[in-house]
Each structure stands twice: as structure tokens, then as C-alpha cells.
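Protein chains in written order, with the working numbering: chain X, 1 to 325; chain R, 1001 to 1288. To start, the structure under review is shown below, and the notes come after it.
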């Protein structure tokens, strides 16, 4: 690969880094900076789900569990057990990843819509546990985190340092996801999506590939979960409702599964629409439902692939017009 | 714990099983025929409960309120199938997510119309008493729910096994392409099945009203139960839905009575067992 070609390919990435770097200086105040870091957290969760949806062809409605469970573990260990932030965060990531391993074993016994139904049921189990097991979780009242930590003297309690903290983790995750998408493992995951029998014939262990993808997805989602706990300093069963799981899925589907930009764009749109709609009317779930139906009817492949196709078609039309001249 | 406790809990369990059957039978038929789990089914149940509450407020007799709610929800189901799911024909993933969107809209509009406070539905006056059997007292309404569920199960099985419509539905469940090939109007069956399934769910909402009441979140409480019943009982089988409903009714009721913290987890154990041992469900047919 030539130097120029590789530079051209990392141009969007460079643009994103620059945008994230200057964003706090463009935005008018801490409220907007907080929305920006929340978008990044949801985008990370959506990207983690896209490993399953886009690369694996598995539509999961359990991803909100990876936002909630690590957040519960982190807040519980910090606020109740008095653990310091780093071991609490590592335990939270381990718990979320282990949960993904368990969910994967159960849900991957089915394919397609059966998989979707089982993940919906598993997500509801976790929600039900958080809601009903009041002694452990505080039930509907949730649990509170007293303050954000101060690693290396960096005060994450202030909006701009916390925003950069989230941005750096987000960019690192994005970098690894890009490598994942181009790796042999990513290719074999897409192979199990398109040609599972052929993959099995070629000697690939289809179940294990999907299961590893589920664990990888759960691990990345758990990072979003810990950041969520730090961001809101509060966790309740609301974080793990079916609506939350559906919102994340909608971010992926709206933006375009299987692309890195898609889930990010989906997260930006859905979070902004939700923030704006919720501040005017209390009817966010009607809007969410309408977007769902609208996307399925008019934009089934998502924005990013849709626009790419539109651009190709426009380009072809322009070429066709130029040729006779 | 006394014998009275166990007997009453057992009756509560079978009454819950009866309600679950009303919910799951239609869900199972729709899934079996259209290959689509209708994620708005919990919403249909909740909407039925709310419509029933409103009808009872207008002093309609209970059976009429139940019938009206069933018809209303059934019509909504038929309209959704015609106007929305039909446009997504062949795109099963799109259909599922569209029903999920519908579920959110129903939930939100119910919240807007009926508010956030639970509404209780009172059972018909002649069932608001206890019946003494062998020295034990049983709430008459729950007995009536059980009787109704058994009656409806028998009716549905008769419909499926003895009528032409049932034969066409069974053919469609077993092999849709073949059924279309021999001239069965599968597309009209879809609308019929959606009407029937939604009406059953709406009816279940009203019948369940005196036990569960109508509240925001009833839909997402009921939907997973329908999923579990169908995973357990097998897709597209009325008998499977009945047995699965009864098993889940027992586990749900005794789980809540004995281990309130873990009721939800216990509920999913039979589903997990079914997935591990017999993935097609207890009465499921092997998919094509």
C-alpha cells in the first residue's frame, strides 16, 4: 500500500480526532459538552452491538444489559464496598464480559428470529433482577455514585477533562474495531453470517466464532457501561429496559450495520433527537417507534450504506452524461 | 405453610396459566404462520386491559367490555398487518423491528391516554365471592378464568383440527410455499390470524384485569412471558401453548410467592432447559 493511499484512508479518522479535540471549544457550555460525551458512550455501545448485528448478522436485544450490569457492579463496588476506582472498573468489565459469555452460550443455540427472542428474554431477566432484587440493587430507586475518580490528579468531575477521558477511550475502541473489521477473525465472523455451512465445511468452528464475537461485543459494551456509571453517577433498572436495548439497536440500524461510521452517526442522531424531543414533549417513545417503522419502511440498509449507494449512482449518472461530450 | 396456602397458590398458578394461554396462543399462531414474533403482543394485551377498564367505567357488563376490547384490539391487529407488515413482506427482520416500533407507540399512547396510575378492573359481581370446595375457600373469579381458558383452548384446537380454516392455517405453518402453491390464500390467512391473535391478547388483557390490573409496563411484563411459553411449548402449536402456559403459570406464581427476589430468573430456567434439551420446544414441529 502506498503512503498516499494509506493517508487518504485515514483522512476521515484524522478528521474525527480533530473534531473531537476542538468540540469542547465550539460548544457553548457544559450542558452541551455533557451531551457530547453521552453521545460517545452510546456510540461505543452501538459499535459493540454492531459486531453482532453488522458483522455477525445476529440481531440482539440484550445489549442494554452490558450497559447496566457493569455500571451496577462499578457503582456497587465503589459506593457500597468502598473499592477504589481501578479494581472496581476492572471487576465491572470482567462481570460484563462473563455475562456475555453466558448469554452467548444460551442465545447462540438459535439463529435469526429465535436468537432475537432469546436475547430479548435474557435482557428482561437482567432487568427483572435489578428491579426486584431490592436488597442488592436498590430496586427502582437505583444506586448513586458519590463522585467521579481523580486518576493521576486529573479531575474527572469537571466537564472538559471527563469529555476528553471518554473521547480517548472511544477513539481507542474505534481503532481496535477498525482492526477487528479487517482482521482474519472479522472475516471469518462475516463468513459465518453469509455462509455458515460453507464455513463449517472449511473446518471453521462456527459456534466458537460467534461465541467469541459475542464476548468481544460484551466486553466493548461493558466499557460503555463503566463510562455510563461515571457519567451519570447513578444506575437504575431504567438503563436496562427493552426500550434502551431497542434504542441502541436503532442507532446501529439507522446508521447502517457493518460500517464504523454508521453506529456513530446513528448514536448522534438518536441521542440528539431524544434530547430535543424530551425537552419539548414527553412523547419520546412514540417518536422512537415511528423512527423504527420509518427506517424499516424507507431506509432498511441504513444511512451510511444508503448514501454510499446514492453517491455511486450519482457518480455513474455524471459519468454517463460526460461520456457523449 | 398451610394446606390452604398451597391450594390457593395452585389455583392462582393455573389462573395465571390460563391468562398466559390467552396471550401466548395468538402469539404462537402468528409466529408459526408468518415466521414473525409479534413484539407488539404485550402491547395488545395491555391495550385490551385499558380498553376494558374504560368500557367498565361506562357501566358496560363485564362480558361485553371483554368482547368490545377483544374486537377493538383484533381490528388494530388486522389493520397493522394490512397497512404495515404487508409492506415489509419477505423482510422478516424488518417486520419484527416494525412490530417493536408499534409496541413503543402503543405503550406511549396508553400512557398518554390513561395516565401512569394503575387502573383496577372489577370482576363481574356474581364472581366476586369465594367458593367453598371440601372445606377450602377459592376465589370464584380465578376458577372462572381457568374454565374460560380451558374452553377457549378446546375451541381453538377444534378450530385448528376440525375446520377448513384450521386446516389451511396448519398447512401454512408447516410449509408456506407449498400451501400457496396449492391455492390457499395465505395472504388473507395472515390478516385473519393477526386479527384472531390480537383479539385473544386483548381479551386476555380484560380477563386478566381483575388479577393484574392495567398499568404502564404491563406490556413489557407480559411479552417475555409469551416468548418463554412459545419457546417452551413449540411454535405454532395450540396444545404446546397451553402446556407451556400452565408450566410458566406455576413457576411464575410460586416463584413470586416463595422467592420474590428471583422470580424473574426462576421463570427463565425452563426456557433455558428447553433450549438445551429440546430446542424446537415440547410440541414444536421441526422447522422446514
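From the three backbone atoms N, C-alpha and C, an ideal C-beta is built for every residue, glycine too.
So, using beta-carbon positions, are residue i and residue j closer together than 8 Å?
i	j	result
residue 258 of chain X	residue 265 of chain X	no
residue 107 of chain X	residue 68 of chain X	no
residue 1095 of chain R	residue 1085 of chain R	yes
residue 1100 of chain R	residue 1050 of chain R	no
residue 215 of chain X	residue 44 of chain X	no
residue 120 of chain X	residue 1227 of chain R	yes
residue 1203 of chain R	residue 1070 of chain R	yes
residue 246 of chain X	residue 52 of chain X	no
residue 1106 of chain R	residue 1043 of chain R	yes
residue 70 of chain X	residue 225 of chain X	yes
residue 1022 of chain R	residue 1158 of chain R	no
residue 1074 of chain R	residue 1195 of chain R	yes
residue 275 of chain X	residue 35 of chain X	yes
According to DSSP, is residue i helix, strand or coil?
i	result
residue 1136 of chain R	strand
residue 293 of chain X	helix
residue 1259 of chain R	coil
residue 144 of chain X	strand
residue 1003 of chain R	helix
residue 1247 of chain R	helix
residue 1253 of chain R	helix
residue 1038 of chain R	coil
residue 1 of chain X	The pLDDT assigned to residue 1 of chain X is 44, lower than 50, so where the model puts this residue is not dependable, and the model offers no usable value.
residue 193 of chain X	helix
residue 314 of chain X	helix
residue 208 of chain X	helix
residue 222 of chain X	helix
residue 299 of chain X	coil
residue 1012 of chain R	helix
residue 259 of chain X	coil
residue 1219 of chain R	helix
residue 305 of chain X	helix
residue 1058 of chain R	coil
residue 1288 of chain R	Low per-residue confidence applies at residue 1288 of chain R: pLDDT is 37, beneath 50, and the placement is therefore not dependable, though the value from the model is reported in the following sentence. Correct three-state label for residue 1288 of chain R: coil.
residue 288 of chain X	helix
residue 1265 of chain R	helix
residue 133 of chain X	coil
residue 171 of chain X	helix
residue 181 of chain X	helix
residue 149 of chain X	coil
residue 1026 of chain R	helix
residue 12 of chain X	helix
residue 1237 of chain R	coil
residue 1188 of chain R	helix
residue 1020 of chain R	helix
Looking at the strands, I want to know which residues DSSP matches up with residue i.
i	result
residue 234 of chain X	X:144
residue 1214 of chain R	R:1119
residue 1130 of chain R	R:1139
Relative to the alpha-carbon of residue i, which residue among the options has its alpha-carbon at the smallest distance?
i	options	result
residue 1013 of chain R	R:1247, R:1262, R:1271, R:1222	R:1247
residue 1018 of chain R	R:1177, R:1145, R:1235	R:1145
residue 1170 of chain R	R:1009, R:1033, R:1025	R:1033
residue 221 of chain X	X:309, X:243, X:177	X:177
residue 244 of chain X	X:268, X:288, X:212, X:208	X:288
residue 156 of chain X	X:306, X:233, X:247	X:233
residue 229 of chain X	X:33, X:121, X:66	X:66
residue 126 of chain X	X:96, X:146, X:105, X:148	X:96
residue 57 of chain X	X:110, X:88, X:79	X:110
residue 1252 of chain R	R:1061, R:1239, R:1269	R:1269
residue 22 of chain X	X:59, X:92, X:163, X:299	X:163
residue 1173 of chain R	R:1207, R:1087, R:1067, R:1234	R:1234
residue 72 of chain X	X:283, X:89, X:250, X:206	X:89
residue 146 of chain X	X:77, X:153, X:123	X:77
residue 296 of chain X	R:1232, R:1089, R:1098, R:1039	R:1098
residue 273 of chain X	X:194, X:63, X:290	X:290
residue 136 of chain X	X:17, X:75, X:118	X:75
residue 286 of chain X	R:1159, R:1110, R:1027, R:1077	R:1110
residue 80 of chain X	X:138, X:173, X:115	X:138
residue 1061 of chain R	R:1124, R:1076, R:1046, R:1048	R:1124
residue 86 of chain X	X:31, X:278, X:150, X:30	X:150
Return yes when the C-beta of residue i is under 7 Å from any heavy atom of the ligand FMN, and no when it is not.
i	result
residue 56 of chain X	For the ligand FMN, the structure offers nothing, since it holds no ligand at all.
Where are the alpha helix (DSSP H) runs, 4 residues long or more, that stay fully inside the segment 25 to 109 of chain X, in chain order? 30 to 50, 64 to 75, 85 to 107
Which runs of the beta strand (DSSP E) at least 3 residues long sit entirely within the segment 1153 to 1183 of chain R? Give them in chain order. none
Along the chain, which unbroken stretches of the alpha helix (DSSP H) at least 4 residues long are found entirely within the segment 1074 to 1108 of chain R? none
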